Structure formats: structure tokens, C-alpha cells
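Asker: As you go down the protein sequences, you meet chains A and B in turn.
The opening position of the first sequence corresponds to residue 7 in my numbering, with each subsequent residue numbered one higher.
The opening position of the second sequence corresponds to residue 416 in my numbering, with each subsequent residue numbered one higher.
Please find one structure pasted underneath; my questions will follow.
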Amino acid sequence: MNNLDFLMAGVGGQGTILASNILAEVGLQLGYDVKKAEVHGMAQRGGEVDSHVRWGSKVYSPLVEENNVDYLVGFEMLEAARFPQYLKEGAVSLVNDYRINPPLVNLGKAQYPSKKEIESLLLSRADKVIWVEGTGIAKELGNPAMVGVVMLGALSNLVGGDKEAWLEVIGQMVPPKFVDLNKEAFLEGRKVTG
Amino acid sequence: MKKLMTGNEAFAYGAYLAGVRVGAAYPGTPSSEIMDNFSRYPGVFAEWSPNEKVSLDVAIGAAYAGTRAMSSMKHVGLNVASDSLFYAVYTGVKGGLVIICADDPHMHSSQNEQDNRNYAKFAKCPMLEPSDSEEAKQFVGIALDLSEKFETPVIVRSVTRLSHSSTPVEHSDATPPPPPEEPPLYERNAQRYVMVPANARRRHPIVEDRLKKIAEYAETMPINFIEPGDDQLGIISAGVNYHYAKEVFPNATFLKLGMVYPLPEKLIREFADRVKTIVIVEELDPFLEEQLKLMGIEARGKDIFPMLGEFSPTLVRNCAVKAGLIPTPEAPPEIKTDLERPIRPPMLCPGCGHRALFHVLRENGVLVTGDIGCYTLGAAPPLAAMHTTGCMGASIGVAHGIDKGNVKDDVVAVLGDSTFLHSGIHPLIDVLYNQGTSTTIISDNSATAMTGFQEHPGTGKTIKKDETALVDPEKLVRGIGFEKVDVCDPYDIDQMEKILKDHLQSDMPSVIIARHPCVLNAKEKHTPPEVDPELCINCGICLDIGCSPLIQEEEHVRVDALLCNGCGLCVKVCPQEAIIEK
Ligand SMILES: Cc1ncc(C[n+]2csc(CCOP(=O)(O)OP(=O)(O)O)c2C)c(N)n1
Ligand code: SF4
Ligand code: SF4
Chain A
7 MNNLDFLMAG
17 VGGQGTILAS
27 NILAEVGLQL
37 GYDVKKAEVH
47 GMAQRGGEVD
57 SHVRWGSKVY
67 SPLVEENNVD
77 YLVGFEMLEA
87 ARFPQYLKEG
97 AVSLVNDYRI
107 NPPLVNLGKA
117 QYPSKKEIES
127 LLLSRADKVI
137 WVEGTGIAKE
147 LGNPAMVGVV
157 MLGALSNLVG
167 GDKEAWLEVI
177 GQMVPPKFVD
187 LNKEAFLEGR
197 KVTG
Chain B
416 MKKLMTGNEA
426 FAYGAYLAGV
436 RVGAAYPGTP
446 SSEIMDNFSR
456 YPGVFAEWSP
466 NEKVSLDVAI
476 GAAYAGTRAM
486 SSMKHVGLNV
496 ASDSLFYAVY
506 TGVKGGLVII
516 CADDPHMHSS
526 QNEQDNRNYA
536 KFAKCPMLEP
546 SDSEEAKQFV
556 GIALDLSEKF
566 ETPVIVRSVT
576 RLSHSSTPVE
586 HSDATPPPPP
596 EEPPLYERNA
606 QRYVMVPANA
616 RRRHPIVEDR
626 LKKIAEYAET
636 MPINFIEPGD
646 DQLGIISAGV
656 NYHYAKEVFP
666 NATFLKLGMV
676 YPLPEKLIRE
686 FADRVKTIVI
696 VEELDPFLEE
706 QLKLMGIEAR
716 GKDIFPMLGE
726 FSPTLVRNCA
736 VKAGLIPTPE
746 APPEIKTDLE
756 RPIRPPMLCP
766 GCGHRALFHV
776 LRENGVLVTG
786 DIGCYTLGAA
796 PPLAAMHTTG
806 CMGASIGVAH
816 GIDKGNVKDD
826 VVAVLGDSTF
836 LHSGIHPLID
846 VLYNQGTSTT
856 IISDNSATAM
866 TGFQEHPGTG
876 KTIKKDETAL
886 VDPEKLVRGI
896 GFEKVDVCDP
906 YDIDQMEKIL
916 KDHLQSDMPS
926 VIIARHPCVL
936 NAKEKHTPPE
946 VDPELCINCG
956 ICLDIGCSPL
966 IQEEEHVRVD
976 ALLCNGCGLC
986 VKVCPQEAII
996 EK
């Protein structure tokens, strides 16, 4: 059984934590030992949120280690750009093609890095950077908050596991009213990497 | 069946399984979800207390009555509850009493990173430290057994990385033992429970003797154990740090301590005899290291690992390499980049009522002594309208002191509704009693928002969302004796400003209740306004309210409709009337 380390990075309110809960649960269903760690910072909305998920035959630390992450899932471009040092060589980065300005950028006091700069920074470790129109796809389906499930869809092709296993966990973990829509979002995400 | 649970969910589950029937807590990151989860189990009583001291007293009372009880809090909560902890150690308890206390190394959301293991030693109270959710579940039961066996409260220590990490837990259909059929009679024993000096003097030797006995018992507790490996290196660790150390030193011999106070000295000596070098992996203070050194056992620890901040496998590995404990691992070349990646500091939500209040305070140049809650973010630029923040409830006393210190500035204290009921009432009494003239603003959003929207006595709902008596802050402060009291919605910024000015000019001690529900909790949302590009002169004045949907572009400002809450504050502050309500 391969060990797989995931790092998910986003902005508060984007649903990073729900997505990492689903990812952890899928790992458990697939028979892995699983641990997950996250910090919800001080603000309810708008701060950085990162979540560590580890699948393995035996996992000790809930925190991933620098140089060891297999998949970096960025829910927001700049958030992804904070973690290249966590990637192992040959890792894959999946990044939502979406930008939320930090306050200093809004105030014109700092620059938001360009997509190209972010990509080349991640490529200093990663083999591939896959851009996903996550928020775009989710918005089109009617709710930008489903971006997490879209990203999971894109990720699921790469890490394997039966599609049905993923769908089942999603069915259990999203609010009952939104199950069908979320499943659809997941399948749309799959098409990106499929 | 294995189920993923956070440490906090597991604490609650463990408490339920172990037959805890009374739980009391005041929320505080990273501990809040313990009581929330516990309250959902059948057959238990759970409450949000107004503060941690009250919560501990409630749990102590239940334990005196012979019922298993739990109080949970964040690390600084134990500062508030410490007076009660100390007496409860002296009186001891009848039913098991467990205090679950969560430290926050790195201060992810705290004002300090005190190491609460020191309380175990200080208060002479045993302390357990689980390392994952399965242990969190089990250790609550073990703590309660220990508590009843030795008639003492027991602290179970958590940290952010345990409370908020999810790991698999064995989950079954097991149910707790049934409650007694007949309610037992309370055992009246004043000598034991009335801590006047004469009685307390009799209790102190019992406390000292008890600690010795628990230390002996610790030698036999399976939660303290040696994991044989290569005896060249012996690692001593506890809690989540144990797992980081397992990643970094997979072959070493380990002593894993489930109980960090008092320590099993014989077991430690046995371990010391066996291994060549002892290295202690512990976050924050050299708590274990000092005890080992007092035993005369040579050990390394803080010469290798830092005393500040939070550990991680990365940090433990880097320190271990530097100290020559492990060879340098093969790693990809370090990433060198000077790419600017602006930070994303925590901010008030779009639409937050606190923002309107701070806008008015800043516009009036007032000195603001602050407190702890979402509204502390009023200190962040560009609002930058709060000038002190220490601990919960400090704002009012500090403002009164500044007032008596006679500065030129107008000073007001700002605190939230939950904070007011936690520890704002007594300082307010002080202002009145000691002839202060300061103004206190209760920024009342009808929730304990910062820690996850918990109910409190001012919301009129219990932890289970049942209707209950509502403690109205206005009636309360009038009842104390304040005569100058006004209530205002801060979104009415003209009215808010008028009231503020009136209170500042007045020599009477006064209170303003600035009331606007937390929009996130109330799920309040309106249509976002739009900027008319013809009217906007790009002056940037609206940006000073620090609301993230407002974006300055080349020609004019834009409102990001996806992030905007439609509260309309920017509409009010734009001098060009260029932001148009839709
Ligand atoms: C002694 C202590 N207990 C708990 C906390 C955690 N805590 C920080 S702010 C806060 C309450 C905030 O509620 P409120 O005053 O209503 O302000 P809001 O966040 O709703 O704006 C809590 C519980 C703390 N910092 N110190
Ligand atoms: S959670 Fe509520 S009180 Fe806290 S910043 Fe957001 S809107 Fe304001
Ligand atoms: S209306 Fe203006 S102030 Fe209110 S949330 Fe939207 S951008 Fe912020």
C-alpha cells in the first residue's frame, strides 16, 4: 500500500475543510490508515486555511512533512503558492484557477503574483501543475461553494479508488439537500483530468 | 467499526461511554467542540457556563454529589478556573472529575502559549496526555477511574493538533453504565469540603501523600510503556509529539508517557539504564526534562528542540539532523524564491457589524481598549481602531485605569456580548463604584462568534438550542446602577456617532450597546452594491473600512459580488455616492 500525503490550501469560507474530511473518509473506505489535521485560524472567514490528509499502511503524524507531499490541492492560486517546499519531487499540484485578493493587494500595497509565476514556483518541485476552473464549474452548476468537490473530482482520477467509493462518501458527507448537485460537481471535476 | 473522529469528538465520546452525566464548559479554541459534541449524547446534562470558573465549579459540585463530571476549556480558561482547581484538589471528589484542557502551541488562536502541564505540578493534580483520537476516547475513562480511585480531579491535556486532527477511533454500540436507580443522599462532610484553614491544613498532607501514591500507581499503568527498538537512542515523548518522533526516529527505543504528572520514576530509571542517550521530544516548556534532571538522569531536550511554538515532523527532523542524531535525509534542493506572496491576515467578515462600530470609533479618533473576540480584528489595519487587547474581560478595567491616569485622549472599552457575560460585569461594577467616567461599548452580535457561534446567557438559548431565560445586557447594566445607557445599531453610523459623542462628553460612567447580529450566524445577506465607474474618483476612502470585496483597480474601485454581503456600509462611507445600492 502506497503512502499518500495531501495538502489542501484555501481561504476561509471556500469549503477546504469539508473537502479534506471527504478525502480522509475516502482513504478510510479504501482501507488505509488515515490521519488529518487542520487549523481553522482566528477569523471565521477570509483567513488562510490549510488541511493535511495522510493515507498509508500505518500513519503516525497527522501533519505532513516538507519534501513529502504527493498532491497539493490549491483552492486559491496564492494559497497554493505558499507550499512548494512541502512537495516531493514529481508531485502533482492541482490549482483552482481563482484569485481572492489579500487585503494588502486590495489596498494597492502588495502585488498578487501572476499565474505564470505561481506555476513556475510550483514546478520547481512538482512534475505537473493542473489548473482547474473549479470555482467556474461550481458557479455554473449553481453554487461556488462546491468548488471543493470539483477539486476532489479532478484529484480522484489521479489517486485512484473506485469512482463509486468517492461518490458514496460525498453522498454521506454533504447536506442531504445538495447531494445530487455535489455528485454532479464531482463528476464535472473528473472530466478535467479524465 | 473504525470511525474518523477529531480529538474533540473523541473526548466527548469517551466521556459519554465512561458515564459522565454532567458536563460544563465555556468555549475556547481549540476546545469548544468537546462540549458541543457531548451535549448531543442521550441522558447527559451539558451546559455553556458564562465562564470557565463557573464551569469547573459546576463539575466539582456534580462530582461531590457522586456523579461523573467533566469540565472542558482552552488553556487560558484554566487561568480563570484555577482558583477552583486548587480547592478541588484539596477537598478531593467522590464521583470522577475530569478537566479537559487544550493548549494552543503556536497560538493559532490564542493570546499566549502557556504550557498547562505546569498546572499539574502547581496544583498537584494528575495529568494525562493522549496522542490521538483513540487515546483521547480511552484516556477520559482512565482519568475518571483514576479520579475515583484516588479521590482527586484529573486533568487531560490536549493541544490544537490533537483536538482538531482526525484519526480513526474504534466505535461500537457500547452504552454507558446506567445511572443509579435511587438518587443517592449527598454525603455531608464539612471537615472535608469546607476549606477553612483548620480543615485545609488537614487536607494538605493528604494531597501530598496522594501524589506519591499516584506516582507509584503510574508505574503499573499501561498508558506508560516502553517500545523496544535500537537502544543507542531512547526517546521520551507524550501526546502528539510522540507521533512526530515516531516519524523521525522509527528505530529508536521509546518511552511513551500517557501520564505526564506525576511521573513513573522507576520506569524512567529502567529506561535510562537501558538506552545509551535519552532525548526528550516535548513542545513548549522543558516540563519532563526538568523532572528527569531532578531525578539525576541525564537527558537532552531543549538543547535540541525549541521552547517556542509548535512542533511538526519537519521541525523535529531538522533539529535531529542538526544535533547529529540522524543523518541528513535525501531531499530535493531547497526552494529559493523571492516571489512576493502577500499574507492573508484574519479579517472581519464582509457585512460584520463590528466593522461599522470601528469605523465610527476610528473616525472619532478615540482610544480603544479592546478585548477578545471577532471584534479584536478591529485592531487590524486598515481599521486599526483598537489599541489594547490582553485577556477576556480586561478592556473595562484597563479603560478605567487609563481614565484615572488622566490622559488627554477619549477612551472607551469595547468588548463582545459573550465576553461581557464572561468577565465584564465585575469591572463595570468597579467603574461605577469608584466614580469612573469611562464609556463601555458592548458590541453585541448575539453569539460567541469567534469560537463557532455558541449560545450564551445573552442569546436566550441553551447549548441544545432550547429556549431559556435571556440575560439582557441592557437590563443588567441598568440593574447594576448605570443610568447612562444607550442601545444602537452600529450600521446607523450617524446615530452611532451621535451617541458616541454624547457619551464621551458626559462625565457619567456609561454603557453603549452596539447591537447587530453576526451576519454569518444569522445567515443575513443582501444584494451587493455596484460601483458606478462614472462617479468613482478612485479616492480609496471606502477601502479604509477594510472589507475584502472592495478591490482597487486602475480606474476605479470594484465590488466582488461573490464575496460581498450587501451590508451597505461602503455605500454610506463613499463621499462621492458612487457605490450604488441595488
Ligand atoms: C479565558 C478565555 N476563554 C476563552 C477564550 C476564547 N475566546 C476568545 S474570544 C471568545 C468569545 C467571543 O465572543 P464575543 O465576546 O461575543 O465576541 P464575538 O466573537 O462574538 O465578536 C472566546 C470564547 C479566551 N480567549 N480566553
Ligand atoms: S463571524 Fe460574525 S462576528 Fe465574527 S467577523 Fe464574521 S460576521 Fe463578524
Ligand atoms: S456592501 Fe460594501 S461594506 Fe458591505 S460587505 Fe459588501 S463590500 Fe463590504
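Don't be surprised by glycine CBs; every beta carbon is placed ideally from N, CA and C.
Keep in mind that this is a model prediction, so the values were computed, not measured.
Just to check, is the beta-carbon of Asn860 of chain B closer than 6 Å to a non-hydrogen atom of ligand 1?
Answerer: By one-based count along the second sequence, residue 860 of chain B stands at place 445. Because some heavy atom of ligand 1 lies under 6 Å away, the Cβ of Asn860 of chain B counts as near it: yes.
Asker: Rounded to the nearest angstrom, what separates Ala4 of chain A and Leu950 of chain B at their Cα positions?
Answerer: Here chain A has residues from 7 to 200 only, and residue 4 of chain A is not among them.
Asker: Nearest chain B C-beta to Asn8 of chain A closer than 7 Å, yes or no?
Answerer: Residue 8 of chain A sits at position 2 when you count from the first residue of the first sequence. Taking Cβ atoms only, chain B never reaches closer than 7 Å to Asn8 of chain A, which makes this a no.
Asker: Buried or exposed for Thr743 of chain B, please, with buried defined as at least 16 other CB atoms from any protein chain shown within 10 angstroms of its CB.
Answerer: Translated into the one-based positions of the second sequence, residue 743 of chain B becomes position 328. Exposed.
Asker: What residues from chain B crowd round Val17 of chain A, counting only those whose CB sits closer than 7 Å?
Answerer: Mapped onto the first sequence, residue 17 of chain A falls at position 11. In chain order: Arg759.
Asker: Give, in chain order, every unbroken run of the beta strand (DSSP E) that is at least 3 residues long and sits entirely within the segment 446-504 of chain B.
Answerer: As far as the segment 446-504 of chain B is concerned, its whole beta strand (DSSP E) runs of at least 3 residues are 460-463 and 484-489.
Asker: What are the start and end residues of the beta strand (DSSP E) that includes Asn860 of chain B?
Answerer: Indexing the second sequence from 1 puts residue 860 of chain B at position 445. Asn860 of chain B -> no beta strand (DSSP E), and no H or E assigned at all.
Asker: So, Val437 of chain B versus Ala496 of chain B, is the Cβ gap smaller than 7 Å?
Answerer: The sequence position of residue 437 of chain B within the second sequence is 22, counting from 1. The sequence position of residue 496 of chain B within the second sequence is 81, counting from 1. Cβ atoms of Val437 of chain B and Ala496 of chain B: not closer than 7 Å.
Asker: Using a Cβ cut-off of 8 Å, pull out every chain A residue sitting near Arg455 of chain B, in sequence order please.
Answerer: Within the second sequence, the letter at position 40 stands for residue 455 of chain B. Under the 8 Å cutoff, chain A gives no residues; its nearest Cβ is about 17 Å from Arg455 of chain B.
Asker: Taking C-beta pairs closer than 7 Å, name the residues in chain A that Ala746 of chain B reaches, listed in chain order.
Answerer: As a working mapping, residue 746 of chain B is identified with position 331 in the second sequence. Neighbours of Ala746 of chain B on chain A, chain order: Asn73.
Asker: With 7 Å as the threshold, decide whether the Cβ of Glu755 of chain B is near any Cβ in chain A.
Answerer: Reading the second sequence from its first residue, position 340 is the one you call residue 755 of chain B. Chain A, which has a Cβ nearer than 7 Å to the Cβ of Glu755 of chain B, makes this yes.
Asker: Taking just the CA atoms, how far does Arg60 of chain A sit from Leu10 of chain A?
Answerer: Counted from its first residue, the first sequence places residue 10 of chain A at position 4. Counted from its first residue, the first sequence places residue 60 of chain A at position 54. Cα-Cα distance, rounded: 6 Å.
Asker: Starting from His619 of chain B and walking both ways along the alpha helix (DSSP H), at which residues does that stretch end?
Answerer: Start at 1 with the first residue of the second sequence, and residue 619 of chain B comes out as number 204. Here the alpha helix (DSSP H) through His619 of chain B covers Pro612 to Ala633.
Asker: Please compile the residues from chain A whose C-beta is within a distance smaller than 8 Å of the C-beta of Lys417 of chain B.
Answerer: For the purposes of this step, residue 417 of chain B is identified with residue 2 of the second sequence, where counting begins at 1. Neighbours of Lys417 of chain B on chain A, chain order: Leu34.
Asker: Go through the segment 540-608 of chain B residue by residue and report every complete run of the beta strand (DSSP E) that reaches 3 residues or more, in order.
Answerer: Taking only runs of at least 3 residues, the beta strand (DSSP E) segments lying wholly in the segment 540-608 of chain B are 569-574 and 580-585.
Asker: Provide the residue(s) that pair with Glu945 of chain B in DSSP beta bridges, ordered along the chain.
Answerer: Reading the second sequence from its first residue, position 530 is the one you call residue 945 of chain B. In DSSP, Glu945 of chain B forms a bridge with B:Ile995.
Asker: Quick one: is Gln910 of chain B near chain A, going by C-beta distance under 7 Å?
Answerer: The residue given as residue 910 of chain B occupies position 495 in the second sequence. At a cut-off of 7 Å, the C-beta of Gln910 of chain B has no neighbouring C-beta in chain A.
Asker: Under 7 Å between beta-carbons, which chain A residues line up against Gly961 of chain B? List them in chain order, please.
Answerer: For the purposes of this step, residue 961 of chain B is identified with residue 546 of the second sequence, where counting begins at 1. Here the neighbours are Pro109.
Asker: May I ask you to list, following chain order, the residues of the segment 715-734 of chain B that have a beta carbon less than 8 Å from some beta carbon of chain D?
Answerer: The chain labelled as chain D is not found among the protein chains of the depicted structure, namely A and B.
Asker: Give the range of the beta strand (DSSP E) segment to which Val972 of chain B is assigned.
Answerer: Translated into positions along the second sequence, residue 972 of chain B becomes position 557. Val972 of chain B -> beta strand (DSSP E) spans Val972 to Val974.
Asker: At the 7 Å Cβ level, is Tyr104 of chain A part of the contact set with chain B, yes or no?
Answerer: In the first sequence, residue 104 of chain A corresponds to position 98, counting from 1. Not an interface residue.
Asker: Counting along the chain, where does the beta strand (DSSP E) carrying Val79 of chain A start and finish?
Answerer: Reading the first sequence from its first residue, position 73 is the one you call residue 79 of chain A. Looking at the DSSP string, the run of the beta strand (DSSP E) that includes Val79 of chain A is Val75 to Gly80.
Asker: Measuring only between beta-carbons, confirm whether Thr854 of chain B sits less than 7 Å from chain A.
Answerer: Against the second sequence, residue 854 of chain B aligns to sequence position 439. By this cut-off, Thr854 of chain B is not an interface position.
Asker: Within a Cβ cutoff of 6 Å, which residues of the same chain sit near Ala477 of chain B, ignoring the five residues on either side of it in sequence?
Answerer: The sequence position of residue 477 of chain B within the second sequence is 62, counting from 1. Result list for Ala477 of chain B: Val437 and Ala484, in chain order.
Asker: Could you pull the start and end residues of the beta strand (DSSP E) that Tyr676 of chain B belongs to?
Answerer: Position 261 of the second sequence, counting from 1, holds the residue named residue 676 of chain B. For Tyr676 of chain B, the enclosing beta strand (DSSP E) has its first and last residue at Met674 to Tyr676.
Asker: Using 10 angstroms around the beta-carbon of Glu870 of chain B, count the other beta-carbons present and answer buried if the total reaches 16, otherwise exposed.
Answerer: Here residue 870 of chain B refers to the residue found at position 455 of the second sequence. Per the 10 Å Cβ criterion, buried.
Asker: Output needed for Ile994 of chain B: all residues of its chain with C-beta closer than 6 Å, excluding positions within five of it in sequence on either side, in chain order.
Answerer: The sequence position of residue 994 of chain B within the second sequence is 579, counting from 1. Here the set comprises Pro944, Val946, Cys985 and Val986.
Asker: Please go through the segment 15-53 of chain A and give each complete alpha helix (DSSP H) segment of 4 or more residues, from N-terminal end onward.
Answerer: Complete alpha helix (DSSP H) runs here, min 4: 22-35.
Asker: Could you please give the first and the last residue of the uninterrupted alpha helix (DSSP H) stretch that includes Phe426 of chain B?
Answerer: As a position in the second sequence, residue 426 of chain B is number 11, starting the count at 1. From DSSP, the alpha helix (DSSP H) with Phe426 of chain B extends over Gly422 to Leu432.
Asker: Which residue spans inside the segment 118-198 of chain A form an unbroken beta strand (DSSP E) run of at least 3?
Answerer: 134-138
Asker: Hey, could you find the ends of the beta strand (DSSP E) Asn265 of chain A is sitting in?
Answerer: There is simply no residue 265 of chain A to check, as chain A begins at 7 and stops at 200 in what is shown.
Asker: Whose Cβ in chain B lies nearer than 8 Å to the Cβ of Lys42 of chain A?
Answerer: Counting from one through the first sequence, the residue named residue 42 of chain A turns up at place 36. Within 8 Å Cβ-Cβ: Leu419, Ser580, Ser581 and Thr582.
Asker: Could you tell me how far apart the beta carbons of Glu31 of chain A and Leu419 of chain B are, in whole angstroms, since I believe they sit closer than 8 Å?
Answerer: The residue labelled residue 31 of chain A in the question sits at position 25 within the first sequence. The residue labelled residue 419 of chain B in the question sits at position 4 within the second sequence. With a Cβ gap of about 6 Å, Glu31 of chain A and Leu419 of chain B count as contacting.
Asker: Secondary structure at Leu847 of chain B, three-state DSSP: helix, strand or coil?
Answerer: Taking the first residue of the second sequence as position 1, residue 847 of chain B is located at position 432. Here Leu847 of chain B sits in helix by DSSP.
Asker: If we call anything under 7 Å between Cβ atoms a contact, is Leu754 of chain B one with Phe773 of chain B?
Answerer: Locating residue 754 of chain B in the second sequence gives position 339, counting from the first residue. Locating residue 773 of chain B in the second sequence gives position 358, counting from the first residue. Not closer than 7 Å, so no.
Asker: Out of B:Tyr790, B:Asp786 and B:Val675, point me to the one whose CA is closest to Ala814 of chain B's CA.
Answerer: Against the second sequence, residue 814 of chain B aligns to sequence position 399. Among B:Tyr790, B:Asp786 and B:Val675, the Cα nearest to that of Ala814 of chain B is on B:Asp786.
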